[in-house]
Every structure is written in structure tokens, then in C-alpha cells.
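A.B. asks: Got a structure for you, written out below as C-alpha cells; questions coming shortly.
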Amino acid sequence: WTGCGDGPRRKRLIGGTAAALLALSIVGPIPLESSVTEALALVVPVSQKRREQLKGELQQAGFYHRRALEEFLGVRNAALIGWLLFVGAAMVVLASPDENLTPKVLLGGSVILLLIYGVPRIVLSGQAQSRCRRIQHSLPDALDMITMMTTGGLPLRDAIERVSKELHRIHPDIACELR
């Protein structure tokens with residue numbers, strides 16, 4: 772979940788970032804069994820350092836769910852496996868003794884396979900940078916409101932909670948971070 776409470780911004784990673792993998796747009800949540808997601812996440816090995824980097828980018832992009840990393844890797848790896856199966860089937864279907872299309876299919880399939888592997892990370896980085904910019908843009912408003920409320924005698928914790936509620940529609944990203 773994105774950490775935004777029960778509001779409309781609450782979404783699963785599979786519905787947000789993974790859609791970038793398939794259509795570069797946000798779609799509704801796709802329910803996946805957790806054991807399947809875990810198994811798919813382990814198909815392509817990722818070093819611990821790389822896992823930590825991905826987890827940080829997922830959090831910067833607003834995906835705080837404890838299984839966000841496994842969902843991201845699982846969906847990406849499922850797309851890789853699906854594409855490999857598609858290329859294999861295409862090679863079987865297009866096989867003919869007259870013309871050898873295997874090298875062309877393998878080359879095209881390899882290029883698209885690299886895109887399937889790399890594009891989700893690029894989109895995730897873009898989402899993280901965009902969210903950080905939105906938070907930086909909204910931070911002065913939030914700090915100003917918190918200052919006014921604490922100056923007026925409201926305790927800091929209550930002021931932060933109130934500002935989070937007030938900014939929820941205008942600056943949803945900073946509101947999520949203040950909760």
C-alpha cells in the first residue's frame with residue numbers, strides 16, 4: 772500500500788508500477804497469490820545491494836507495502852517468462868524449411884526482452900523523482916501550516932495530523948508522509 776490511509780490513493784504496487792511494465796499506465800489491482808509472487812521474484816537473481824536500492828526507490832515512489840519489492844520483481848519476471856514463451860512459440864510457428872527466420876525472431880525477441888527487463892526500473896525511477904519533486908514543492912506549505920498551528924497553541928503532533936488532513940487533496944504526497 773502507498774501509506775496514504777484508507778483514501779482513494781491507496782493502491783497495490785501491481786496496479787501502479789507494474790502497469791508501467793505492461794502498458795505504462797495505472798490499472799486496478801491485480802490479485803496474485805503471495806507464494807506465486809515470491810517464486811516469480813526469485814526467478815532472476817538480484818544481489819542484496821540491488822534489492823536494497825530497489826526497495827528504496829519503491830519507497831520514494833510511495834510504495835510502502837512490505838511486499839512491494841517482491842511484487843515488483845515478481846511481475847517483471849513474469850513478463851520476462853511470458854515473453855520468452857511467446858518468442859519460443861513464434862519460432863516454432865514461423866519455422867519453415869524455405870526461409871530461416873530464427874535469427875530475426877531471436878534478435879527481435881532479445882531486444883524486447885531487454886526492454887521488458889529495463890523499462891520498469893526506469894519508470895520506477897521516474898515515479899520516485901516525480902514524487903520527490905512534488906513533496907519538495909509542497910513542503911513549504913506544510914511547514915508554514917504546522918508553524919501557524921503550533922504558534923496558535925496546538926501541540927506538534929496534533930498540528931502535523933491536522934495539516935496532513937488539510938493537505939490531503941491539495942498535496943497528497945506530503946500528506947501521506949506526515950501521517
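Under the working numbering, the first residue of the sequence shown is numbered 772, with each subsequent residue one higher.
We put the CB at the ideal spot given by N, CA and C, even for glycine.
Quick caveat, the model's predicted, so the values are computed rather than measured.
Excluding the five sequence neighbours on either side, which residues of its own chain have a C-beta within less than 8 Å of the C-beta of R822, listed in chain order?
C.D. replies: L840
A.B. asks: In terms of residue numbering, what span does the alpha helix (DSSP H) encompassing I931 cover?
C.D. replies: For I931, the enclosing alpha helix (DSSP H) covers residues 927-937.
A.B. asks: Are G859 and L811 touching if we call contact CB-CB under 8 Å?
C.D. replies: no
A.B. asks: For G880, I'd like the list of residues in its chain whose CB is within less than 6 Å of its CB, leaving aside the five on either flank, ordered along the chain.
C.D. replies: Counting only residues of its own chain and dropping the five nearest sequence neighbours on each side, G880 has a CB closer than 6 Å to the CB of V858.
A.B. asks: Excluding the 5 residues flanking V815 on each side, which residues of the same chain have their C-beta closer than 6 Å to its C-beta?
C.D. replies: N848
A.B. asks: Can you give me the start and stop residues for the alpha helix (DSSP H) that V882 sits inside?
C.D. replies: Segment 873-922, the alpha helix (DSSP H) holding V882.
A.B. asks: Using the C-alpha atoms, what's the distance from K936 back to K826?
C.D. replies: 27 Å
A.B. asks: How many Å lie between Q830 and R837 at the Cα?
C.D. replies: 10 Å
A.B. asks: Determine the contact status of I945 and L910, defining contact as a CB-CB distance below 8 Å.
C.D. replies: yes
A.B. asks: Grouping DSSP H, G and I as helix and E and B as strand, with all else coil, what is P943?
C.D. replies: helix
A.B. asks: Helix, strand or coil for R821, going by three-state DSSP, please let me know.
C.D. replies: helix
A.B. asks: Please state the DSSP three-state secondary structure of G833.
C.D. replies: coil
A.B. asks: Quick one: what does DSSP say A812 is sitting in, helix, strand or coil?
C.D. replies: helix
A.B. asks: So, are the CB atoms of A861 and I887 less than 8 Å apart?
C.D. replies: No, they are not a contact pair.
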